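J.: Add 428 to a position in the sequence shown, counting from 1, and you land on the number used in this note's numbering.
The beta-carbon is built from N, C-alpha and C at its ideal position, and this holds for glycine as well.
Nothing here was measured: the structure is a model prediction, and the numbers come from that model.
Here it is, the structure in full.
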Amino acid sequence: MSSCTLLAAAKINWSLDVLGRRADGYHLLKMIMQRISLFDTVTVSIGAVDALSCDGNLPQDERNLAFRAWLLLKKELGLKDCLQIKVEKQIPAAAGLGGGSADAAAVLLAANRLLKLGLKGEELAPLALSLGADVPFCLLGGAALAEGIGEILTPLPGLPAYHLVVANPGIGVSTPEIFRAFDAIQPPPPPIDTEGLLKALKAGDIPAIGGLLANHLEWATLKKYPVVAKLKEDMSAAGLYPLMSGSGASVFGLAVGAEEAEAAAERLAAAWPLVYQVHTL
Ligand code: C5P
429 MSSCTLLAAA KINWSLDVLG RRADGYHLLK MIMQRISLFD TVTVSIGAVD
479 ALSCDGNLPQ DERNLAFRAW LLLKKELGLK DCLQIKVEKQ IPAAAGLGGG
529 SADAAAVLLA ANRLLKLGLK GEELAPLALS LGADVPFCLL GGAALAEGIG
579 EILTPLPGLP AYHLVVANPG IGVSTPEIFR AFDAIQPPPP PIDTEGLLKA
629 LKAGDIPAIG GLLANHLEWA TLKKYPVVAK LKEDMSAAGL YPLMSGSGAS
679 VFGLAVGAEE AEAAAERLAA AWPLVYQVHT L
């Protein structure tokens with residue numbers, strides 16, 4: 429085997445509850461995270477030097493989390509190998525869909541396989557966490573309850589499949605900036621019924637899920653970027669239950685079925701630049 433190609437899946441947050449803030453500025457969260465069928469493609473091959481190629485107008489050096497993931501693994505394990513990493517983007521960047529985190533996790537998994545390192549998930553998890561709070565979830569996949577800063581993961585196997593439309597208004601959002609804006613909101617937003625939402629997700633009760641979807645960071649992002657509120661309105665008008673994902677600016681809309689998702693996606697694509705019909709994984 430001289431190369432290894434993996435799909436790196438985007439994520440959405442069915443919920444995102446900000447519970448508090450640590451001394452180092454990171455926030456304590458309670459989130460239901462879900463992988464979806466929107467993918468980047470990550471290929472690693474043995475090379476003469478370490479190099480990254482990445483489309484989508486993104487950095488080709490250590491500023492790119494995919495490259496940092498390899499350099500970290502190499503340093504931690506004292507490896508001599510060099511890898512050429514190719515990232516083909518489909519997931520919008522800085523969009524609340526975890527694209528960079530998914531690419532980084534895919535690099536760790538692909539390098540582990542290509543170089544026959546034999547590392548187990550629990551050995552990769554601390555490296556993943558040092559790359560970013562969402563990276564450990566990306567190693568795991570499926571759906572999970574995420575606590576701590578996002579690294580304490582409880583897998584949620586066996587959830588029904590859901591049909592979604594994901595749309596992005598074509599703007600990039602800075603996550604630290606949104607968390608800072610959230611901290612200034614007084615009084616803080618009400619708590620989120622994560623347990624109720626989990627029950628509804630397990631039961632496949634779409635109207636109940638729709639009523640319980642909640643993301644505290646919407647309070648900050650919608651205020652700063654009213655275009656995200658407009659996108660949510662358009663999703664509701666198209667028959668979807670909408671929620672912003674992560675710190676935004678992407679919004680996903682839950683559809684009652686695949687046909688409804690397709691019709692809504694077609695309608696939204698007439699007005700919005702980046703629209704994807706997806707399902708949960
Ligand atoms: O960990 P990651 O680099 O993805 O996080 C980006 C930024 O988002 C952090 O620098 C921090 O400002 C904010 N963040 C946070 N609490 C979390 C996750 C991220 O405050 N649990």
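Tell me the DSSP bridge mates of Q512?
T.: Mapped onto the sequence shown, residue 512 falls at position 84. Q512 pairs with S473 and A479.
J.: In terms of residue numbering, what span does the alpha helix (DSSP H) encompassing M429 cover?
T.: Working through the sequence shown from its first residue, we reach residue 429 at position 1. Premise fails: M429 is in no alpha helix (DSSP H) and is neither H nor E.
J.: What separation, rounded to the nearest whole angstrom, lies between the Cα atoms of D662 and M672?
T.: Along the sequence shown, one-based indexing puts residue 662 at 234. Along the sequence shown, one-based indexing puts residue 672 at 244. Roughly 13 Å between the two C-alpha positions.
J.: Taking the alpha helix (DSSP H) that P564 falls in, what are its first and last residues?
T.: Counted from its first residue, the sequence shown places residue 564 at position 136. Start and end: V563 to L568.
J.: On a Cα-Cα basis, can you pick out the residue from S431, A437, R450 and I460 that is closest to G674?
T.: Walking along the sequence shown from the start, residue 674 turns up at place 246. For G674, the nearest C-alpha among the options comes from I460.
J.: Can you give me the start and stop residues for the beta strand (DSSP E) that P670 sits inside?
T.: Within the sequence shown, residue 670 is the residue found at index 242, counting from 1. Start and end: Y669 to M672.
J.: Please state whether DSSP places G549 in a helix, a strand or coil.
T.: Position 121 of the sequence shown, counting from 1, holds the residue named residue 549. Reduced to three states, the DSSP call for G549 is helix.
J.: Whole-angstrom Cβ separation of P670 and G685, contact assumed at under 8 Å?
T.: On the sequence shown, residue 670 is found 242 positions in, with the first residue counted as 1. On the sequence shown, residue 685 is found 257 positions in, with the first residue counted as 1. P670 to G685, Cβ: 17 Å. No contact.
J.: Comparing C-alpha positions only, which one of V472, D452 and L466 sits nearest to M429?
T.: Here the question's residue 429 lines up with position 1 in the sequence shown. Checking every option, the nearest Cα to that of M429 belongs to V472.
J.: State the Cα-Cα distance for the pair D483 and L709, rounded to the nearest angstrom.
T.: To locate residue 483, count along the sequence shown from 1; it is residue 55. To locate residue 709, count along the sequence shown from 1; it is residue 281. If you take the alpha carbons of D483 and L709, they lie about 25 Å apart.
J.: Any heavy atom of the ligand C5P closer than 7 Å to the Cβ of I577?
T.: Along the sequence shown, read from residue 1 onward, the residue named residue 577 stands at position 149. Under cutoff, so the answer is yes.
J.: Which partner residues of E575 appear in the DSSP bridge assignment?
T.: Working through the sequence shown from its first residue, we reach residue 575 at position 147. DSSP lists I580 as partners of E575.
J.: Whole angstroms are fine: how far does the CA of N596 sit from the CA of A561?
T.: If you number the sequence shown from 1, residue 561 lands on position 133. If you number the sequence shown from 1, residue 596 lands on position 168. Roughly 22 Å separates the two Cα atoms.
J.: Does the region 600-610 come close enough to the region 573-583 that 3 or more CB-CB pairs lie under 8 Å?
T.: Contact between the region 573-583 and the region 600-610 is absent, because fewer than three Cβ pairs lie under 8 Å.
J.: To the nearest angstrom, report how far apart A534 and P520 are at their CA atoms.
T.: Position 106 of the sequence shown, counted from the start, is the residue given in the question as residue 534. Position 92 of the sequence shown, counted from the start, is the residue given in the question as residue 520. Approximately 17 Å between the Cα atoms of the pair.
J.: In this structure, how does DSSP classify V684 when only helix, strand and coil are distinguished?
T.: Here residue 684 refers to the residue found at position 256 of the sequence shown. DSSP places V684 in coil when its eight states are reduced to three.
J.: Pull up the distance between the alpha-carbon of R541 and that of L500, whole angstroms please.
T.: Along the sequence shown, one-based indexing puts residue 541 at 113. Along the sequence shown, one-based indexing puts residue 500 at 72. One C-alpha to the other measures close to 16 Å.
J.: Can you find at least 3 beta carbon pairs, one from the region 616-626 and one from the region 652-666, that sit closer than 8 Å?
T.: The region 616-626 vs the region 652-666: no contact.
J.: Less than 6 Å between C-beta atoms, sequence neighbours within five positions excluded: which residues of the same chain meet that for H707?
T.: The sequence position of residue 707 within the sequence shown is 279, counting from 1. Only S465, A589 and H591 meet the Cβ criterion.
J.: Quick one: give me the first and last residue of the alpha helix (DSSP H) that V655 is part of.
T.: Sequence index remark: in the sequence shown, residue 655 carries index 227 (1-based). Looking at the DSSP string, the run of the alpha helix (DSSP H) that includes V655 is P654 to A665.
J.: Please identify the residue among K503, R695 and V470 whose C-alpha is closest to the C-alpha of A666.
T.: Along the sequence shown, read from residue 1 onward, the residue named residue 666 stands at position 238. Taking only the C-alpha atoms, the option nearest A666 is R695.
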